[in-house]
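Chemist:
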Amino acid sequence: MLLSMEHLRKEYPNGKIAVDDFNLQVGRGEFIAFIGTSGSGKTTTMRMINRMLKQTSGTIKINDKDISKMDPVKLRRSIGYVIQNIGLMPHMTIQENIEMVPKLLGWSKEKRAEQAHKMIELAQLPDDMLKRYPGELSGGQQQRIGVVRALAADQEIILMDEPFGALDPITRESLQDLVKHLQEDLGKTFIFVTHDMDEALHLATKVVIMSQGKQVQVDTPENILRHPANDFVTNLIGEERLIRAQPNILSVSQIMLKNPVSITPDKTVDDAIELMHDRRVDTLLVTDDAGVLQGYVDLEDINRITDPHTAVGDFTNRQVFFVKADSLIGDTVDRILKQGVKNVPVVDKDKHLVGIVTRTALVDIVYDALRGAPEANEEPASPINADIHAAATHDEGGEIPQ
Amino acid sequence: MKDMGLLSQLVYYFSHNGMYVLSQFNQTFLVSIYGVLLGAIVGIPLGIWISQYRRLSPVIIGIANVIQTIPSLAMLSILMLGLGLGQTTVIVTVFLYSLLPIIKNTYTGMLSVDADVLDAGKGMGMTRFQVMMTIRIPLSLSVIIAGIRNALVIGIGITVIGSFIGSGGLGDIIVRGTNATNGGAIILAGALPTALMAIITDLVLSFIEKRLTPKTSSER
């Protein structure tokens, strides 16, 4: 493990417990997002990693080395650090800002300059910006510099404390793309503090949800959306976001009906009609003895058959559209809806019939995702009109005495 | 002499005692500079120190404030009791009066440095000393210089009064003028160079102050 945090606890002299029994293992190239309400201890935890704060008890190890036994200055030089308010040195050029840690580490002037050029390119900013001062850059540009400054000495771990909180949504998105790129392509490890759930879910490989100094849930964004640990997490994520996320996290097997009506090919038309009548359906799925999907027969097909002893297998429609049970709804919903069929059989990986998805169930999911809420009660417009109408009559009434 | 106008009397005085006025000018200037320099040597570190240990700041600034409230003539006389007549006493007085503006400005300058910049500096692995030398001092230097500029202007005023306890300088000329009948021109001969000195020092230091303000734009 690149970074391991065990039983971390931070207690302030006034007795306030900021962090309580925090445990986390971080592998190389992971993107960890700490999220929680303010005062949840997320920033405190992050600041203990580079010893800007000292834990009351517990250990933090980087590459199996206990950081409390390391020189804090050397430790900090090996960890990238990005803060919300950017913190570029206003009296230094962009180049001097980027070269800061390499200079502290005693790199040669040529190597530093080379690195500065590399970094400004990484930040997707023009090279001549190196000679400018931070005050001449926009907020988004400044934070781009802030991010690459944290990488300039090839730091492996980068700590970010709500780095994009003060930026407008469009700028924030482009910077999120930048750090995502740094994590995915350069294999950097990020510890990212945020209070923006969308940001956490979008960027992180693992989300740590904190409340009042405790970890509430630690999992991948998908799992957190799929199984929020408790009401706190549900509230933090927000009902709307959970619903929106459904097509992307629900699998077909979660919305299918479990016992589809099926028949084997050797049965006769009589049997088929009886089964349809019993189960009140107009379509039967045909499976062999092992349960492998063969096709379907519907009421129209049966109507055309005159001999009641004909085997079902003789007139089965072999061209049947089906979906796999473990595929995500988001990926298949378009295809299902475009087929225009009422029901879609669901099969497992060996093509065994396991269930059926009705068009109604699908439409409900898609509709909820688009609307954002399961039951949005829209008040009919009439009461408002009635009010206006009443007001109008009242005014008229007032004019009569004159 | 009597029938000459004030201005011609002044010109007459300068033409006959030019070198004398110049040497007195020098002396006044040096005494003020020494006092303020001492004040800077003590005041700047003190200001930095109390900016690090903020609990001490009310005490230190309070003491400096009290010193400032004592009238300068009284201070000179009190110190004279201990240090005797002469320039040393005046230098010490100037030193004491320059403490407040220097300490206060250093302290304010230090505290006005953006906390985020300091946090970033520390978080990136600067030692305390490096934070001081590369961030705190450069960013507060102009404010510190403004304090010194203030102290020097005050110092020049005190040095002139210091001639009462025998430190010489331009004050001597002024005192002589007050003692002489119709000494208006002599008073001016002492007062004008003093005013000139104060104005020039102020201008020079404000220029230095501007130069030392860290560049934050590539335009300039």
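In order, the protein sequences belong to chains S and Y.
Mapping of the first sequence onto the numbering used here: residues 1 to 402, in sequence order.
Mapping of the second sequence onto the numbering used here: residues 1 to 220, in sequence order.
Cβ coordinates follow ideal geometry from the N, Cα and C atoms, glycine included.
(1) Could you tell me which residues DSSP pairs with V346 of chain S in its beta bridges?
(2) Got a sec, what are the start and stop residues for the beta strand (DSSP E) R9 of chain S sits in?
(3) Distance check for L24 of chain S and S4 of chain S, CA to CA, integer angstroms please.
(4) Is the separation between the beta-carbon of L175 of chain S and that of L167 of chain S shorter than 9 Å?
(5) By Cβ distance, which residues of its chain are closer than 7 Å to Q402 of chain S, with the 5 residues on each side in sequence left out?
(6) Between A150 of chain S and chain Y, is the shortest Cβ-Cβ distance under 9 Å, so that the two count as touching?
(7) Would you report the Cα separation of M197 of chain Y and Y53 of chain Y, rounded to the nearest angstrom?
(8) My understanding is that L76 of chain Y touches I161 of chain Y, with C-beta atoms under 8 Å, so please give their C-beta distance in whole angstroms.
(9) Can you look up L407 of chain S in the DSSP assignment and give me helix, strand or coil?
(10) Which residues, in chain order, does the segment 76-91 of chain S contribute to contact with chain Y at a C-beta distance below 9 Å?
(11) Taking just the CA atoms, how far does Q95 of chain S sit from E156 of chain S?
(12) As an exercise, report each continuous alpha helix (DSSP H) stretch of at least 4 residues that is fully enclosed by the segment 80-167 of chain S, in chain order.
(13) So which residues of chain Y does V101 of chain S contact, with C-beta pairs closer than 8 Å?
(14) State buried or exposed for V363 of chain S, treating a residue as buried only when at least 16 other CB atoms are found within 10 Å of its CB.
(15) Distance cutoff 9 Å, beta carbons only. Does N50 of chain S sit that close to anything in chain Y?
(16) State yes or no: is the beta carbon of K210 of chain Y nearer than 9 Å to at least one beta carbon in chain S?
(17) Note down the Cα distance separating N230 of chain S from D198 of chain S, rounded to an integer number of angstroms.
(18) Within the 9 Å Cβ cut-off, does V139 of chain Y reach chain S?
(19) Can you pull out the residues from the segment 122-136 of chain S whose beta carbon lies closer than 7 Å to at least one beta carbon of chain Y?
(20) Beta carbon of G125 of chain Y, beta carbon of R77 of chain S: below 9 Å?
(21) Quick check: is the beta carbon of L159 of chain S nearer than 9 Å to any beta carbon in chain C?
(22) Using the Cα positions of I60 of chain S and H227 of chain S, report the straight-line distance between them to the nearest angstrom.
(23) Of the residues S:N317, S:I191 and S:I365, which one's Cα is nearest the Cα of I329 of chain S?
(24) Near V341 of chain S, which residues of its chain fall below 8 Å by C-beta distance, leaving aside the five closest residues on each side in sequence?
(25) Closer than 8 Å, Cβ to Cβ, to anything on chain Y: give me those residues from the segment 206-225 of chain S, in chain order.
(26) For the segment 235-251 of chain S against the segment 184-202 of chain S, are there 3 or more C-beta pairs whose distance is under 8 Å?
(27) What number of angstroms, rounded off, separates the C-alpha of R136 of chain Y from the C-alpha of I83 of chain S?
(28) Verify the CB distance criterion: does K111 of chain S have a CB-CB separation below 9 Å to chain Y?
(29) Between P90 of chain S and G135 of chain S, how many whole angstroms is the CB-CB distance? I'm expecting something under 8 Å.
(30) Take N403 of chain S and list the residues in its own chain whose beta-carbon comes closer than 6 Å to its own, dropping the five residues that flank it on each side.
(31) Quick check: is the beta carbon of I145 of chain Y nearer than 9 Å to any beta carbon in chain S?
(32) Under 9 Å between the Cβ atoms of G403 of chain S and R28 of chain S?
(33) Per DSSP, N317 of chain S is paired with what?
(34) Nearest to V204 of chain Y by alpha carbon, out of Y:T216, Y:G155, Y:L170 and Y:I145?
(35) With a cut-off of 9 Å, does the C-beta of G140 of chain S fall near any C-beta of chain Y?
Modeler: Taking the coordinates as given:
(1) Position 346 of the first sequence, counted from the start, is the residue given in the question as residue 346 of chain S. Answer is S:V323 and S:G355, bridged to V346 of chain S.
(2) To locate residue 9 of chain S, count along the first sequence from 1; it is residue 9. Taken as a continuous stretch (DSSP letters only), the beta strand (DSSP E) holding R9 of chain S covers L3 to E11.
(3) Locating residue 4 of chain S in the first sequence gives position 4, where the first residue counts as 1. Locating residue 24 of chain S in the first sequence gives position 24, where the first residue counts as 1. Going by the C-alpha atoms only, they are around 6 Å apart.
(4) On the first sequence, position 175 is the one that residue 175 of chain S refers to. On the first sequence, position 167 is the one that residue 167 of chain S refers to. Cβ atoms of L175 of chain S and L167 of chain S: closer than 9 Å.
(5) Position 402 of the first sequence, counting from 1, holds the residue named residue 402 of chain S. Only weak support is given to the placement of Q402 of chain S: the predicted model assigns it a pLDDT of 38, under 50, and the value that follows is read from those uncertain coordinates. Here the set comprises nothing.
(6) One-based indexing of the first sequence puts residue 150 of chain S at position 150. For A150 of chain S, the answer is yes, since a Cβ of chain Y falls inside 9 Å of its Cβ.
(7) Against the second sequence, residue 197 of chain Y aligns to sequence position 197. Against the second sequence, residue 53 of chain Y aligns to sequence position 53. Near 37 Å, if we compare the C-alpha coordinates of Y53 of chain Y and M197 of chain Y.
(8) The count along the second sequence starts at 1 and reaches residue 76 of chain Y at position 76. The count along the second sequence starts at 1 and reaches residue 161 of chain Y at position 161. About 7 Å separates the two Cβ atoms, so the contact holds.
(9) With chain S represented from 1 up to 402, any question about residue 407 of chain S goes unanswered, as that position is not in the structure.
(10) Per Cβ criterion, the list reads R76, R77, S78, I79, G80, Y81, V82, I83, Q84, N85, I86, G87, L88, M89, P90 and H91.
(11) Your numbering for residue 156 of chain S matches position 156 in the first sequence. Your numbering for residue 95 of chain S matches position 95 in the first sequence. The alpha-carbon atoms of E156 of chain S and Q95 of chain S are separated by roughly 21 Å.
(12) 94-98, 100-104, 109-122 and 139-149
(13) On the first sequence, position 101 is the one that residue 101 of chain S refers to. What V101 of chain S touches in chain Y, judged by beta-carbon distance under 8 Å, is M124 and G125, going in chain order.
(14) The sequence position of residue 363 of chain S within the first sequence is 363, counting from 1. Exposed: under 16 other Cβ atoms inside 10 Å.
(15) Taking the first residue of the first sequence as position 1, residue 50 of chain S is located at position 50. By this cut-off, N50 of chain S is an interface position.
(16) For the purposes of this step, residue 210 of chain Y is taken as residue 210 along the second sequence, with counting starting at 1. Not one chain S Cβ lies under 9 Å of K210 of chain Y.
(17) One-based indexing of the first sequence puts residue 230 of chain S at position 230. One-based indexing of the first sequence puts residue 198 of chain S at position 198. Cα to Cα, N230 of chain S sits roughly 19 Å from D198 of chain S.
(18) As a first step, residue 139 of chain Y is located in the second sequence; it is residue number 139 there, counting from the start. Residue identity check: residue 139 of chain Y is Leu in the sequence provided, not Val. Taking CB atoms only, L139 of chain Y has a neighbour in chain S less than 9 Å away.
(19) So the list reads K131, R132, Y133, G135 and E136, given in the order they occur along the chain.
(20) One-based indexing of the second sequence puts residue 125 of chain Y at position 125. One-based indexing of the first sequence puts residue 77 of chain S at position 77. For G125 of chain Y and R77 of chain S, yes; Cβs fall inside 9 Å.
(21) Included in the structure are the protein chains S and Y, with no chain C among them.
(22) Sequence index remark: in the first sequence, residue 60 of chain S carries index 60 (1-based). Sequence index remark: in the first sequence, residue 227 of chain S carries index 227 (1-based). Distance between the alpha carbons of I60 of chain S and H227 of chain S: 29 Å.
(23) As a working mapping, residue 329 of chain S is identified with position 329 in the first sequence. It is S:I365.
(24) Here residue 341 of chain S refers to the residue found at position 341 of the first sequence. Closer than 8 Å at the Cβ level, and outside the excluded window around V341 of chain S, lie F321 and R359.
(25) none
(26) In short, these stretches touch, since the Cβ pair count reaches three.
(27) Position 136 of the second sequence holds residue 136 of chain Y. Position 83 of the first sequence holds residue 83 of chain S. When rounded, the distance between both Cα atoms is 19 Å.
(28) Your numbering for residue 111 of chain S matches position 111 in the first sequence. Taking Cβ atoms only, chain Y never reaches closer than 9 Å to K111 of chain S, which makes this a no.
(29) If you number the first sequence from 1, residue 90 of chain S lands on position 90. If you number the first sequence from 1, residue 135 of chain S lands on position 135. Sure, about 6 Å apart at Cβ, within 8 Å.
(30) No information on residue 403 of chain S is available, as it lies outside the stretch 1 to 402 that chain S covers here.
(31) Indexing the second sequence from 1 puts residue 145 of chain Y at position 145. Answer no: the Cβ-Cβ gap between I145 of chain Y and chain S never drops below 9 Å.
(32) Look at the range of chain S in this structure, 1 to 402, and you will see that residue 403 of chain S is not part of it.
(33) The residue given as residue 317 of chain S occupies position 317 in the first sequence. Answer by DSSP bridge pairing, in chain order: S:Y296.
(34) For the purposes of this step, residue 204 of chain Y is identified with residue 204 of the second sequence, where counting begins at 1. Comparing alpha carbon positions, the residue from Y:T216, Y:G155, Y:L170 and Y:I145 closest to V204 of chain Y is Y:I145.
(35) Along the first sequence, one-based indexing puts residue 140 of chain S at 140. Judged by the 9 Å Cβ criterion, G140 of chain S is not in contact with chain Y.
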